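Trainee: In the UniProt record's numbering, the protein residues as written are 1 to 381.
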């Protein structure tokens, strides 16, 4: 779901549809909310094993094994995508060793004021990587003698959210003059979204242990109403597509607009994710989202995300379409078709072999089975 939304907003940008279709164009621009959904889901899936173990006093997951699994999950396809973009896309003809090094280590958004052609979406993977790196550290802060301390967890989640708020309101602008990087898309700007995912993981563990609280029970009840959740998420998207969410294109919005968009995206991400975490397995929604075609699309979604911007460049080249000259539907259709084909090849030839290695280093869960989520992005795990 998130990968398709991101692909759609990127093709709409190339066609110039953000400005061509008024309010609908702004709504297309706001489909970058797919990144928020992905970050909330990552926060949930990756923190849940730590929280589940700590909740029963079991030893926490082994950090070295965790890091090895993360590396095997994201880097093979990422490195293939970087190599293809830097070697094949004309705009990257003069990429030197520094650029290759920066891109391979996902440091472009921290070191440069622009992103390489065909890799402009990879800033979000740099954010995701930062979360991977700090998760074992922050989980140690909320666990004492192998037991989870709820007050520490609550303090951590509040601190993460406050850092994001401060980043949007002031810190990003304060740091920007002193760095060549793009501070607006650095990791601290998105801590809220990960915090939402971690809080959902805590609620899910509580409910599975048979110790529901009023708030967690309410979350479960809401999650079992996917129509209500998704309708509310759509309503929030309509709100954030008004001027409250800031401009759709290159203009820099105010700090208030940036923060409003950030917080509304967090709510959208939460609403989408809880429909997968607490969906009734017998519901039509759960059956559709857990069907073999839907799950397979989830399997290949990471490859699709990594390659689709390069595919857009290829589509614009072979068709002769110009930037901002329209034909959005044609660009979207060709990009989606080619990206799906290449993603399938990438999944079978690159991802699967490394996923088998990942399985070998997997630890055995301790009474902490992951949620039977109907969102196929369990492949982010």
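Every residue, glycine too, gets a C-beta built ideally from N, C-alpha and C. These figures come from a predicted structure and were not determined experimentally.
(1) According to DSSP, simplified to helix, strand and coil, what is residue 252?
(2) Is it the case that the stretch 129-147 contacts the stretch 225-235, given that we only count it when at least three CB pairs across the two stretches are under 8 angstroms?
(3) So the candidates are 338, 239, 344, 308; which of them puts its Cα closest to the Cα of residue 85?
(4) Where does residue 149 fall in DSSP's three states?
(5) Alpha helix (DSSP H) containing residue 228: first to last residue?
(6) Residue 204 and residue 48 look like a contact to me (Cβ under 8 angstroms); what is the Cβ gap, rounded to whole Å?
(7) Pull up the DSSP beta-bridge partners for residue 143, would you.
(8) I'd like to check one pair, residue 286 with residue 294: are the Cβ atoms closer than 8 angstroms?
(9) Go through the stretch 258-308 residue by residue and report every complete run of the alpha helix (DSSP H) that reaches 4 residues or more, in order.
(10) In angstroms with no decimal places, state the Cα-to-Cα distance between residue 322 and residue 196.
(11) Are residue 187 and residue 130 touching if we call contact CB-CB under 8 angstroms?
(12) With DSSP run on the structure shown, which of helix, strand or coil describes residue 120?
(13) Taking the Cβ atom as the reference point for each residue, do residue 2 and residue 51 lie within a distance shorter than 8 angstroms?
(14) What residue range does the alpha helix (DSSP H) around residue 23 cover?
(15) Identify, in the order they occur along the chain, each residue of the same chain with its Cβ nearer than 6 angstroms to the Cβ of residue 89, setting aside the five sequence neighbours on each side.
(16) Could you check what DSSP says for residue 247 in three-state terms: helix, strand or coil?
(17) Leaving out the 5 sequence neighbours to the left and right, which residues in its chain are closer than 8 angstroms to residue 283 when beta-carbon positions are compared?
(18) Please report the residue range of the alpha helix (DSSP H) in which residue 82 lies.
(19) With a cut-off of 8 angstroms on the beta carbons, I'd call residue 106 and residue 79 a contact; round off their distance for me.
(20) Spatial neighbours of residue 371 within its chain, please: CB distance less than 7 angstroms, with the 5 preceding and 5 following residues excluded, ordered by chain position.
(21) Report yes if the CB atom of residue 181 is closer than 8 angstroms to the CB atom of residue 92, and no otherwise.
(22) Between which two residues does the alpha helix (DSSP H) holding residue 185 run?
Mentor: According to the data block:
(1) coil
(2) no
(3) 308
(4) coil
(5) 226-240
(6) 7 angstroms
(7) 148
(8) no
(9) 284-289
(10) 40 angstroms
(11) yes
(12) helix
(13) no
(14) 22-29
(15) 117, 118, 313
(16) coil
(17) 224, 226
(18) 63-88
(19) That pair is no contact at about 10 angstroms.
(20) Bear in mind that the predicted position of residue 371 carries a pLDDT of just 42, short of 50, making it too unreliable to give a figure here.
(21) no
(22) Taken as a continuous stretch (DSSP letters only), residue 185 belongs to no alpha helix (DSSP H), as it is neither H nor E.
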